[in-house]
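Below is one structure; the comments refer to it alone.
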Amino acid sequence: GIGVTSTASDQPSTGGQTPMTAPRHGAAETRSGESPRVLLVDAAAVNAMEQALAGTETLFLEPLISGSLVRDRTLTGAVLSGGGTEYRLSPKAAGSNKENSLAGLALLKFLSSFRGELCVVSAKPLCHVLLNAGLPLPATIFDASIADYLLDAGARGHSLTEIAERHAAGAVLQSIAAVSKPRQLTMSDDEGEPAAAGEEEAMKAAAGRMQALMRLRSSLGTGLETEGLLTLSRELEEPLIRVLARIEHTC
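All the letters of the sequence shown, read from the start, carry residue numbers 1352 to 1602 under the working numbering.
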C-alpha cells in the first residue's frame, strides 16, 4: 500500500480499512447521487494524491487551521476534492511528528503551486498559513465569502451557513447543521476517547463544509456572471485577498 485507506462513504472510517493505490486522474469522478469515495491520506500518500489532482480545473478545499494570530496560523488538517474522490489529511497525519509535519508542508506546497482554481470558503486564513510557511500564494483563488459579499453586500454575514441560506437548497443547510453539532460524551467514554472523537468530528465537519462548498460554487459563479460582477471578482477582489494577506503578515 502507499498509505492511503478508503472508506465506502463520506463518513470517517471506524475500522476495516484496506490499503489501496491512489486513483488515476479522471478515474475518481462520482456519479450523481453517489457518495464520494473517501481516501485518508498519511505522509506516505501525499505525492500520490498530488498526482491524482494535478490536472484538476477546480480544487475544493476546507483547511483545518490553528492559531488566532496571523503569524501563528498553521495547517492542522484538510479535506479536499477535485469533484470526485475526497481526500482527508487528518490532524494526526498533518503534524503529530516530524514525518507527518512534512506531509502537511508537502500539501501546502501543492496548494501554493496549484495551477487551477483553488476554491475555499474564506481565503485569507489559508494565505496566512502559506506565508508563514514561506510559500507563494496560489495563482487563482475563488473565495466564496467574497463572492457572496459582492452578490449581497447588505447581508449581515457571509459565513458558509449564511451563504447556503441564500444560494442553496435546504439539504445543504441540513448537511452543514448535522456535522456542526458537537458529540455528546457519555458515561462509557474513557479518558482516551475525547481527543480521538474530537479529531473525528473535526474531519467530519470539514468534509461536510467542503461538500457544501462544492454545491455552492456553481450558484455563486452564475450569480456573479448574471450580475456582471465576474470581472470585478477576478480582477479586483481576488488579487486584493493576496495584497491584504501579505500586509497582515508583515504587520
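Yeah, the Cβ is synthetic: ideal placement off N, Cα and C, and Gly gets one too. Please read all numbers here as calculations on a predicted model, not as lab measurements.
Item, Value
"For D1494, the three-state DSSP class (helix, strand or coil)", "strand"
"DSSP three-state assignment for F1465, whether helix, strand or coil", "coil"
"Beta-bridge partners of R1439, as assigned by DSSP", "L1391, V1430"
"For P1414: DSSP bridge partner residues", "A1429"
"Assigned exposure category for C1478 - 16 Cβ within 10 Å defines buried", "buried"
"Bridge-paired residues (DSSP) for V1471", "D1494"
"Spatially closest choice to T1427 from S1570, I1416, T1582, by CA coordinates", "I1416"
"Contact under 8 Å by Cβ, V1430 with M1554", "yes"
"Residue(s) in a DSSP beta bridge with T1409", "E1468"
"Spatial distance of C1602 from A1474 (CA atoms)", "18 Å"
"Limits of the alpha helix (DSSP H) - the one that L1404 falls within", "1397-1404"
"L1456 vs L1462 beta-carbon contact at 8 Å", "no"
"Contact between the region 1580-1597 and the region 1493-1502 (3+ Cβ pairs under 8 Å)", "yes"
"Rounded straight-line distance, which links the Cα of P1476 to that of R1466", "20 Å"
"Alpha helix (DSSP H) segment containing P1487, residue limits", "Element bounds for P1487: n/a, residue is neither H nor E."
"Closest residue to V1471 among E1516, I1598, Q1562 (Cα-Cα distance)", "Q1562"
"A1558 in three-state terms, based on DSSP", "helix"
"Pair within 8 Å by beta-carbon distance, P1387 and S1432", "yes"
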